[in-house]
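Visitor: Okay, here's the structure, questions in a sec.
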Amino acid sequence: MVTQIVKAEALMNGFDKANLFAFLPMRTKWYGKPLLGWMQSRFMTTSKRVQDRSSKKRVHDLEIVTEKWKIVSKVMAVMEVLKQEVEMDQRGVLWCGMTKEAEDLLEEQERLIEEHSDKAAEYVTRCLMMSVDKQLRVDKIAHFRRDFGLPMDFRTKWVHKYSKLFRVVKSGGGEEYLKLVSWKPAWEITELEKKILGATEISVHEPGLLSLPFPLKFPPNYKKLVYRYGGKIDHFQKRSYISPYADARGLTAGSLEFDKRAVAIMHELLSFTIEKRLVTDHLTHFRREFVMPQKLMRLLLKHFGIFYVSERGKRFSVFLNEAYEGQELIEKGPLVVWKEKLLSLVGYRGKKKKIETSSDLSDMEYDNFIDNDSEKECMSMQLECEETMGDIEGALLVDNDEMEVGELGSAYKDIDTS
46 MVTQIVKAEA LMNGFDKANL FAFLPMRTKW YGKPLLGWMQ SRFMTTSKRV QDRSSKKRVH
106 DLEIVTEKWK IVSKVMAVME VLKQEVEMDQ RGVLWCGMTK EAEDLLEEQE RLIEEHSDKA
166 AEYVTRCLMM SVDKQLRVDK IAHFRRDFGL PMDFRTKWVH KYSKLFRVVK SGGGEEYLKL
226 VSWKPAWEIT ELEKKILGAT EISVHEPGLL SLPFPLKFPP NYKKLVYRYG GKIDHFQKRS
286 YISPYADARG LTAGSLEFDK RAVAIMHELL SFTIEKRLVT DHLTHFRREF VMPQKLMRLL
346 LKHFGIFYVS ERGKRFSVFL NEAYEGQELI EKGPLVVWKE KLLSLVGYRG KKKKIETSSD
406 LSDMEYDNFI DNDSEKECMS MQLECEETMG DIEGALLVDN DEMEVGELGS AYKDIDTS
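Pasting the structure below:
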């Protein structure tokens, strides 16, 4: 499998490319133009906006996890491009293909995704069950493709494979929706209930009010905040809330019940993902469907014991705190282990990089790699368009690198004892 190498070479600069890609002999004159001329190193700024990293800010363990994920995403993009190239053209350009080790990794990934397919179908079905209309746009679900472990042919083949669970329907405007076909009572139990109560599936289960507290894990430098607002946090934990699988159309936006159910929805979605993390603007796509607040980022930041919001790169990521011990995911599934093999193959050594001062490979570089229309045609790959950060920037109400005590107090000001 081969493809044009200009962008791939730029993307893989700094890694042991011999492990992953094999260059074919040049069939035309190479003019020696620098491949990295248009790429610039992005350094952290001293800005205090949430969107910018402070050069003096302490790097949390999950920031390092984000850095690893960014590297894997870039490498996987190249591998998926190469996978779809069946043969070289005859125009005479520099090409590359994957090494035997990389080919073996791709075969292993295909096998793992196939083995994970039924579980992924369960998670997609449960997302439909949580949605207010019991249907979701296919292009929105596609944002979760890698996070849920869905195959590359998700849109064209996979969605039709589980016709007893869901089916594709078209709206009057031509948009494709995935519609729930069969409600599964055994899947109404949340991941939190499974973990705390020890239950896996219940044949007869009526979703309603839940009173289970969310597992909390606070960053070490948040001790003063936890001490000061511990009472309000404890009150939030004890408050009952409606199950994510119950009808929420009667809830009043902005109420305490509304917000806590939104936390439960986000907890459930993150529990579905392979690495217990999501890009935050992917979550904002589902605010209406899952009946979540407009200011979703504020809710994530407020509940810092449940979620951790990483600011690294162009896009924000949210982690489920309970799933991590430091930098390590506590329960690693086969697809997570596969990604670690990929990192090892490309020679990534995250601990040796000074990521607290700069990001050697930024998300902007990744966007530049995939966003050129002419190159998309050349590579014969259908890449999903991502929405901009506009939605999320409008929801951000804090402008410091980390929430200050005053900001946390403001975030909790509506929590009163009942």
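Numbering-wise, this note's numbering comes out as the position in the sequence shown, counting from 1, plus 45.
C-beta: ideal position from N, C-alpha, C; glycine also.
1) Does the structure place the segment 350–365 close enough to the segment 203–222 that three or more beta carbon pairs sit under 8 Å?
2) Measure the alpha-carbon distance for Ala166 versus Tyr267 and round it to whole angstroms.
3) Which runs of the beta strand (DSSP E) fall wholly inside the segment 167–202 and span at least 3 residues, in chain order?
4) Return helix, strand or coil for Ile287, following the three-state DSSP convention.
5) Can you tell me whether Met337 is helix, strand or coil according to DSSP?
6) Quick one: Cα of Lys283 to Cα of Leu261, how far?
7) Roughly how far, in whole angstroms, is the beta-carbon of Ser176 from the beta-carbon of Phe335, given that I think they are within contact range, below 8 Å?
8) Helix, strand or coil: which one does DSSP assign to Arg294?
9) DSSP three-state call for Tyr207: helix, strand or coil?
10) Give every residue of the same chain whose Cβ lies closer than 6 Å to the Cβ of Asp106, excluding the five residues on either side of it in the sequence, and list them in chain order.
11) Select from Phe259, Tyr207, Val226, Asp192 the residue whose C-alpha is nearest the C-alpha of Lys179.
12) Just mark Thr297 as buried or exposed, buried being the case when its beta carbon has 16 or more other beta carbons within 10 Å.
13) Going residue by residue through the segment 328–389, where are the continuous beta strand (DSSP E) segments of at least 3 residues, counting only ones entirely within it?
14) Which of the three DSSP states, helix, strand or coil, is assigned to Glu221?
15) If you reduce the DSSP assignment to three classes, tell me which class Lys229 lands in.
16) Within 10 angstroms of its Cβ, does Val382 collect 16 or more other Cβ (buried), or is it exposed?
17) What whole-angstrom Cβ distance do Arg306 and Val363 have, given they're in contact under 8 Å?
18) Ordered along the chain, which non-local residues of its own chain (more than five positions away) have a Cβ less than 7 Å from that of Gly451?
19) Below 8 Å on the Cβ atoms is my guess for Leu257 versus Glu238; work out the distance and round it to an integer in Å.
20) Measure from the alpha carbon of Arg360 to the alpha carbon of each residue in Phe259, Ile287, His327, Arg156, then state which is nearest.
21) DSSP has Met311 in a bridge; who is on the other side?
22) Once DSSP output is grouped into helix, strand and coil, what is the label at Leu151?
23) With distance defined between alpha-carbon atoms, name the residue in Gly378, Glu367, Leu388 nearest to Gly194.
24) Do you know how far the Cα of Thr111 is from the Cα of Leu357?
25) What distance in whole Å lies between the Cβ atoms of His348 and Val308, which are believed to be in contact at a cut-off of 8 Å?
Guide: Reading from the atomic positions:
1) no
2) By one-based count along the sequence shown, residue 166 stands at place 121. By one-based count along the sequence shown, residue 267 stands at place 222. In a straight line, the C-alpha of Ala166 is about 38 Å away from that of Tyr267.
3) 180–182
4) Taking the first residue of the sequence shown as 1, we reach residue 287 at position 242. Ile287 falls in the strand class under three-state DSSP.
5) One-based indexing of the sequence shown puts residue 337 at position 292. Here Met337 sits in coil by DSSP.
6) As a first step, residue 283 is located in the sequence shown; it is residue number 238 there, counting from the start. As a first step, residue 261 is located in the sequence shown; it is residue number 216 there, counting from the start. Near 13 Å, if we compare the C-alpha coordinates of Leu261 and Lys283.
7) Locating residue 176 in the sequence shown gives position 131, where the first residue counts as 1. Locating residue 335 in the sequence shown gives position 290, where the first residue counts as 1. Yes, Ser176 and Phe335 are in contact; Cβ-Cβ is about 6 Å, under 8 Å.
8) Here residue 294 corresponds to residue number 249 of the sequence shown, with the count starting at 1. Residue state, collapsed to three classes: coil.
9) Working through the sequence shown from its first residue, we reach residue 207 at position 162. Tyr207: coil per DSSP, three-state reduction.
10) The count along the sequence shown starts at 1 and reaches residue 106 at position 61. Gly371, Gln372, listed in sequence order.
11) Translated into the one-based positions of the sequence shown, residue 179 becomes position 134. Considering only alpha carbons, the answer is Val226.
12) As a working mapping, residue 297 is identified with position 252 in the sequence shown. When all chains shown are included, Thr297 counts as exposed.
13) 352–355, 362–365
14) Along the sequence shown, read from residue 1 onward, the residue named residue 221 stands at position 176. Strand.
15) Indexing the sequence shown from 1 puts residue 229 at position 184. Looking at Lys229 - three-state DSSP - the assignment turns out to be coil, as it is neither helix nor strand.
16) Sequence index remark: in the sequence shown, residue 382 carries index 337 (1-based). Under this definition Val382 is an exposed residue.
17) The residue given as residue 306 occupies position 261 in the sequence shown. The residue given as residue 363 occupies position 318 in the sequence shown. Wrong, their Cβ atoms sit about 17 Å apart, outside the cutoff.
18) Sequence index remark: in the sequence shown, residue 451 carries index 406 (1-based). Interpretation of Gly451 is limited by its pLDDT of 42, a score under 50 that renders its predicted location unreliable; the figure taken from the coordinates is listed afterwards. Contacts found: none.
19) Here residue 257 is taken as the residue at index 212 of the sequence shown, counted from 1. Here residue 238 is taken as the residue at index 193 of the sequence shown, counted from 1. That pair is a contact at about 6 Å.
20) The count along the sequence shown starts at 1 and reaches residue 360 at position 315. Selected option, being the one with the closest Cα: His327.
21) Taking the first residue of the sequence shown as position 1, residue 311 is located at position 266. DSSP output for Met311 lists no bridge partner at all.
22) Here the question's residue 151 lines up with position 106 in the sequence shown. In this structure, Leu151 counts as helix in the three-state DSSP scheme.
23) Working through the sequence shown from its first residue, we reach residue 194 at position 149. With distances taken between Cα atoms, Gly194 lies closest to Gly378.
24) Here residue 357 is taken as the residue at index 312 of the sequence shown, counted from 1. Here residue 111 is taken as the residue at index 66 of the sequence shown, counted from 1. Rather than Leu, the amino acid found at residue 357 in this sequence is Arg. When rounded, the distance between both Cα atoms is 7 Å.
25) For the purposes of this step, residue 308 is identified with residue 263 of the sequence shown, where counting begins at 1. For the purposes of this step, residue 348 is identified with residue 303 of the sequence shown, where counting begins at 1. That pair is a contact at about 6 Å.
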